[in-house]
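> Note that the sequence shown covers residues 162 to 274 in the working numbering. A virtual CB, placed ideally from N, CA and C, is assigned to each residue, including glycine.
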Amino acid sequence: MRPVGSTDLEDCPVSEDLLKRLLEATLSAVSDVGDQLPERQRAALAVYCYRRSHFRKLGLSLASHCSKQAMILEAGHAGEMIHMQATDDKKALEIERQSTPKGGKAPVSLYVV
Numbered sequence: 162m163r164p165v166g167s168t169d170l171e172d173c174p175v176s177e178d179l180l181k182r183l184l185e186a187t188l189s190a191v192s193d194v195g196d197q198l199p200e201r202q203r204a205a206l207a208v209y210c211y212r213r214s215h216f217r218k219l220g221l222s223l224a225s226h227c228s229k230q231a232m233i234l235e236a237g238h239a240g241e242m243i244h245m246q247a248t249d250d251k252k253a254l255e256i257e258r259q260s261t262p263k264g265g266k267a268p269v270s271l272y273v274v
């Protein structure tokens, strides 16, 4: 399937105001703001942010709230990979939270390979 969007790497698919609000929001609040966007625009914004290293976490957070199909329509195979990474990151964070001791610090291993 050929992607239909994300051909322009420079133009942000949302207003500068909204992008600024998203960047200032915590990642948990991003879902609230992102859910107000139509899915196609949310997928375009996820791809836009992911392609910029300093916005990558925001892009992954937005991509985790998009369907796989929307991400594929937006960016083809790259959209599928972003979606996969976003959903894997979400699972990885849940596992990490469950395995982290209540003190907040992960145990240190002195094992040398």
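(1) Pick helix, strand or coil for E235, following the three-state DSSP scheme.
(2) Confirm, please, whether the CB-CB distance from C227 to R203 is below 8 Å.
(3) For M232, does the count of other Cβ atoms within 10 angstroms reach 16, so buried, or fall short, so exposed?
(4) When you compare only the Cα positions, how much space is there between Y209 and M245?
(5) So V208 is in the alpha helix (DSSP H); what residue range does that whole segment cover?
(6) Determine the extent of the alpha helix (DSSP H) in which A224 is found, giving its start and end residues.
(7) What whole-angstrom Cβ distance do A205 and E235 have, given they're in contact under 8 Å?
(8) Residues in its own chain within less than 7 Å of T248 by CB, not counting five upstream and five downstream?
(9) Do you know offhand how far R105's Cα is from L183's?
According to the structure shown:
(1) In the structure shown, E235 falls within a helical segment according to DSSP collapsed to helix, strand and coil.
(2) Between R203 and C227, the C-beta spacing is below 8 Å.
(3) Residue burial is scored here from C-beta neighbours: M232 has at least 16 other C-beta atoms within 10 angstroms and is therefore classed as buried.
(4) Going by the C-alpha atoms only, they are around 16 Å apart.
(5) Counting along the chain, the alpha helix (DSSP H) containing V208 begins and ends at E200 to Y211.
(6) Going by DSSP, A224 is part of the alpha helix (DSSP H) stretching over R217 to A224.
(7) For A205 against E235, the beta-carbon gap comes to about 6 Å, under 8 Å, which counts as contact.
(8) The residues are S225.
(9) Any question about residue 105 goes unanswered here, given that the chain covers just 162 to 274.
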